[in-house]
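Read the structure below first, then the notes.
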Amino acid sequence: MEWEPSEEEREKSFELEQLPTLPEDLEDQADSLTLSQLVDIALANNPTTQIAWEDARAAAAAWAQARGLYYPQVSGSAEYFYARDGGSSVGGDAFEEQ
């Protein structure tokens with residue numbers, strides 16, 4: 000004799016099952032969406048796909064960061080000297096009004 004779930008177990012499994020839903024902002028367009036659009040929506044809302052995209056972005060950022068080591072680095076600094084009425088001032092914010 001082959002095992003079969005009881006009616007209660009079947010109903011319970013359907014209660015626990017989460018069916019995919021269409022985002023609320025697309026419900027009014029539900030009848031006119033193409034298969035390609037539905038696949039795009041499903042991929043955009045799938046947590047596994049979202050994780051894969053984030054992993055790809057992280058890998059691209061790491062690659063760009065490693066590649067940046069081959070470019071020259073530029074840095075700079077500035078100082079000024081200002082004298083008024085016999086007094087003097089050195090350093091500070093070169094763009095600050097006095």
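Here the sequence shown is numbered in numbering that gives the first Met the number 0, starting from 0 and rising by one per residue. Beta carbons: idealized from backbone N, C-alpha and C, even for Gly.
The DSSP-derived three-state label of ALA82 is strand. Annotated three-state conformation of GLU1 is coil, per DSSP. 8 Å or more divides the Cβ of ALA41 from the Cβ of PRO22.
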